[in-house]
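Residue numbers (our numbering): 1 to 449.
Where is the CB? At the ideal position from N, CA and C, for every residue including glycine.
Note that the coordinates shown come from a computational prediction; the quantities given were computed from them, not determined experimentally.
One structure is given here, and the rest of the page talks about it.
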């Protein structure tokens, strides 16, 4: 998301050098770069004007610390203003009401409402909430079945409904079921349209009146650009929204909606969604998003994701093994690949990595994680003795392994070369030499240069 803006801001650091303070003269060109990048990213023009005015006001006359270049100082100002633009620090869901706390999801058809309902149910289930979901989308084919499927995957219960039922009656019955059966949260998926129209707005307004939700969340497709901003504005005028959910932030669109919708609606962004997996929902942290846009990465979110989805016990066993001086083997390598795949592979992690590390990754591999699966297949074709002691894998064994995995001998050789590199990195970790560790990460995994 916003890769063009990231690249342009990175160039700013190299543009203005060797001056003691930021002045109108030395930031003019840099701000022009920012303006062009924001407009190309489809950020709304009024938002761009306000943002640049704020950056100019905060930057002019600012002293440049001895440890910083003028470009770095300006990027610091841009980071603070991006954070302010995208809203206050993470605003949690307001569920401290008499159960059931109702969450009403609004948005256009195709924005990802139904998938978001499943993701939100999973998020709340992980926090020990008893969740019921209900679909009031009685117009779109298979919408009710889709919600039932994602709810089952999330471990939530589903209120029964059928196509053609009255949406208001469904909402009333779902709320009563949630009350009688002591559910903590009721998530209601409303009907959408291909565009904003009067019947949809009347229906969602009536649903809001009947349900009296604790949270009314607008689900916005970040790939829609200016259309997303117009949609958000229309819903904000029709409903007392409490927050926004931005979906498809992993898409290849320009992504300017992330910088516009909060400013236009005045409502906080509460969650961001990526991918189709139910784990792809994160609380929104404006300072972390600003860091991603500026190429600084988001290691905090990456660590939180690892704690949530990775097998920490298995990781601890590998770490203890290395600390005791035992060899890192191909069983351990396969385990690490499995952990990476659980977290979505390199593609899902790419925008959370700092730009300097991401520069070591072959872009082709960010869109295609098939190499991970190929490596797993090769390791699975080995005997336990070969996994424990890769040194014994010579020509005849390589041919047998390649045949068993359905790959070429060259692929087996590639795996063994990259295994040797990661084994060297593990030795560096043991020694605690951070610079050697960073250099050793080149070639660490498929796609690393």
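Buried versus exposed call for residue i [16 or more other C-beta atoms within 10 Å across all chains shown]
i, result
"residue 122", "buried"
"residue 137", "buried"
"residue 77", "buried"
"residue 142", "exposed"
"residue 182", "exposed"
"residue 216", "buried"
"residue 45", "exposed"
"residue 185", "buried"
"residue 28", "exposed"
"residue 408", "exposed"
"residue 280", "buried"
"residue 307", "Because residue 307 carries a pLDDT of 48, less than 50, the predicted location of this residue cannot be relied on, and no value is offered for it."
"residue 330", "buried"
"residue 85", "buried"
"residue 60", "exposed"
"residue 160", "exposed"
"residue 147", "buried"
Which of helix, strand or coil DSSP assigns to residue i
i, result
"residue 233", "helix"
"residue 189", "strand"
"residue 58", "helix"
"residue 272", "strand"
"residue 132", "strand"
"residue 243", "strand"
"residue 163", "coil"
"residue 103", "strand"
"residue 218", "strand"
"residue 92", "coil"
"residue 42", "coil"
"residue 199", "helix"
"residue 180", "helix"
"residue 391", "helix"
"residue 355", "At residue 355 the pLDDT is 47, less than 50, meaning the model places this residue with poor confidence; the figure from the coordinates comes in the next sentence. Three-state DSSP puts residue 355 in a helix."
"residue 282", "strand"
"residue 50", "helix"
"residue 407", "coil"
"residue 157", "strand"
"residue 113", "helix"
"residue 333", "helix"
"residue 288", "helix"
"residue 264", "helix"
"residue 138", "coil"
"residue 119", "helix"
"residue 76", "helix"
"residue 360", "Only weak support exists for where residue 360 lies, its pLDDT of 47 falling under 50; the coordinates are left without a value."
"residue 148", "helix"
"residue 398", "helix"
"residue 97", "coil"
"residue 37", "helix"
Supposed close pair residue i, residue j - CB separation, criterion 8 Å
i, j, result
"residue 244", "residue 204", "That pair is no contact at about 15 Å."
"residue 210", "residue 264", "At roughly 28 Å, the Cβ-Cβ gap does not stay under 8 Å, so residue 210 and residue 264 are not in contact."
"residue 113", "residue 120", "Not quite, the Cβ-Cβ distance comes to about 10 Å (not below 8 Å), so this is no contact."
"residue 268", "residue 103", "The pair is not a contact, with the Cβ atoms about 15 Å apart (cut-off 8 Å)."
"residue 178", "residue 100", "4 Å"
"residue 392", "residue 385", "7 Å"
"residue 196", "residue 231", "6 Å"
Option in the options with minimal Cα separation from residue i
i, options, result
"residue 411", "389, 381, 114, 268", "381"
"residue 373", "201, 176, 335", "335"
"residue 131", "95, 161, 196", "95"
"residue 395", "28, 416, 384", "416"
"residue 289", "108, 333, 329, 83", "83"
"residue 247", "168, 278, 236, 237", "278"
"residue 56", "93, 74, 197", "74"
"residue 338", "86, 376, 328", "376"
"residue 199", "108, 135, 169, 171", "108"
"residue 249", "177, 214, 282, 266", "282"
"residue 140", "151, 162, 152", "162"
"residue 274", "118, 385, 134", "118"
"residue 286", "134, 261, 87", "87"
"residue 227", "420, 42, 379, 145", "42"
"residue 419", "332, 242, 174, 403", "332"
"residue 389", "423, 371, 404", "423"
"residue 208", "385, 170, 116", "170"
"residue 450", "413, 236, 379", "Outside the shown range of the chain (1 to 449) lies residue 450, about which nothing can therefore be said."
"residue 450", "39, 30, 24, 25", "No answer is possible for residue 450: it lies beyond the span of the chain, which begins at 1 and ends at 449."
"residue 149", "116, 174, 398, 284", "116"
"residue 270", "234, 276, 235, 218", "218"
"residue 414", "383, 206, 371", "371"
>> Could you check whether the region 220 to 238 touches the region 172 to 192, counting it as contact only if at least three pairs of C-beta atoms, one from each stretch, sit closer than 8 Å?
In response: no
>> Using 8 Å as the cut-off, can you tell me whether the region 78 to 88 makes contact with the region 44 to 54, which would need three or more C-beta pairs spanning the two stretches below that distance?
In response: Judged by Cβ distances under 8 Å, the region 78 to 88 makes contact with the region 44 to 54, as three or more pairs qualify.
> Using 8 Å as the Cβ pair cut-off and three pairs as the minimum, do the region 152 to 159 and the region 113 to 129 touch?
Replying inline: The region 152 to 159 is in contact with the region 113 to 129.
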